[in-house]
Amino acid sequence: MSEKKAVGGKKEMVQDMFNDIAPRYDLLNHLLSADIDKIWRKKVRKSLEENQPETILDVASGTGDLAIELSKLPVKKIIGMDIAAEMLDIGRKKIKKKGLENLIEMEVGDSENMKYKDASFDVVTVAFGVRNFENLDKGLKEMYRVVKTGGRVAVLEFSKPSAFPMKQVYQFYFRYILPGIGKLVSRNETAYTYLPNSVAAFPEGDEFMQRLKKAGFRNIKQNRLTFGISTLYIADK
22 MSEKKAVGGK KEMVQDMFND IAPRYDLLNH LLSADIDKIW RKKVRKSLEE
72 NQPETILDVA SGTGDLAIEL SKLPVKKIIG MDIAAEMLDI GRKKIKKKGL
122 ENLIEMEVGD SENMKYKDAS FDVVTVAFGV RNFENLDKGL KEMYRVVKTG
172 GRVAVLEFSK PSAFPMKQVY QFYFRYILPG IGKLVSRNET AYTYLPNSVA
222 AFPEGDEFMQ RLKKAGFRNI KQNRLTFGIS TLYIADK
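Structure (structure tokens):
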């Protein structure tokens, strides 16, 4: 770990880490999830269909996979925002290749200090990003601030299966298999040991729903996916 990562806060560490693994992020993402992550993103899109959003902000957008999936909705504008500029650069290339550059715009930004005006978006989404917030409550309040009244927030995040035998299989995979593959492919010692640690520390389930309620959201629901490996949280303003 570099001196900057050692003395800096979580935000700086996450920024450095994702910039470092950006060229290999998509490969690892799909490899380590056996492409199930694509199914999860489709679930996010389907959860937003009834809202018929025209404007979407995708927080912690990374290389833009969720933004690209959400472009299948009848939207007029999607902004993908992330703290890691190199992740966004890869996302822009993917978006251009798909001819979506007039629909999706990628911007560097801090989820806890957004530049957008109050009530700017019909929908705000974040996939596998809220556990990386340095201040979770501040980030959720910012999401509440920038979404319009009557709008919706969709949060897709890893969770921990609780039933036998998936709980034991999951723990073994996350603890021993995933860090090894991640280190081998990404050549980053921190990234794929950080992942299981950050998932373990994240306040999932009812506790996260309480954090959403504290931020001001209502009609909060959770849908556990693939034996509880991930959870989709839906909340309205």
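Residue numbers for the sequence shown follow the working numbering, beginning at 22 and rising by one.
We put the beta carbon where it would ideally sit given N, CA and C, even for glycine.
Since this is a predicted model, take the numbers as computed values, not measurements.
If we ignore side chains and look at the alpha-carbon of each, how far apart do residue i and residue j end up?
| i | j | result |
| --- | --- | --- |
| Val206 | Lys136 | 35 Å |
| Leu124 | Ala105 | 21 Å |
| Gly172 | Val65 | 15 Å |
| Ile255 | Lys97 | 22 Å |
| Met230 | Tyr215 | 23 Å |
| Ile241 | Pro95 | 24 Å |
| Met34 | Ile100 | 24 Å |
| Ile42 | Asn209 | 7 Å |
Return the chain-ordered list of same chain residues with a C-beta closer than 7 Å to the C-beta of residue i, the five sequence neighbours on each side being excluded.
| i | result |
| --- | --- |
| Gly30 | Glu155 |
| Pro186 | none |
| Met22 | Any reading at Met22 is ruled out, since the residue's pLDDT is 31, under 50, leaving its predicted position unreliable. |
Would you say residue i and residue j are within 8 Å of each other, going by their C-beta atoms?
| i | j | result |
| --- | --- | --- |
| Ile250 | Ser180 | yes |
| Ser261 | Ala175 | Only positions 22 to 258 of the chain appear in this structure, which leaves residue 261 out of reach. |
| Pro200 | Tyr191 | no |
| Ala272 | Ser132 | With the chain covering only 22 through 258, there is no way to say anything about residue 272. |
| Thr157 | Arg232 | First, the amino acid is wrong: residue 157 is Leu here, not Thr. In this structure, Arg232 lies closer than 8 Å to Leu157 by Cβ. |
Tell me the DSSP bridge mates of residue i?
| i | result |
| --- | --- |
| Tyr254 | Val176, Gln243 |
| Lys204 | Beta-bridge pairing links Lys204 to no other residue. |
| Thr76 | Lys98 |
Once you ignore the five residues that flank residue i on each side, which residues in its own chain have a CB closer than 8 Å to its CB?
| i | result |
| --- | --- |
| Leu48 | Val206 |
Going by beta carbon distance, what residues of the same chain come within less than 6 Å of residue i, once the five residues before and after it are set aside?
| i | result |
| --- | --- |
| Val220 | Phe179 |
| Leu109 | Asp103, Met127 |
Open item on the list: Within 8 Å, do at least three Cβ pairs link the segment 114-124 to the segment 143-155?
Closed with: By the criterion of at least three beta-carbon pairs nearer than 8 Å, the segment 143-155 is not in contact with the segment 114-124.
Open item on the list: Can you confirm whether the segment 159-172 touches the segment 228-236 when touching is taken to mean that 3 or more C-beta pairs between the two stretches lie within less than 8 Å?
Closed with: In short, these stretches touch, since the Cβ pair count reaches three.
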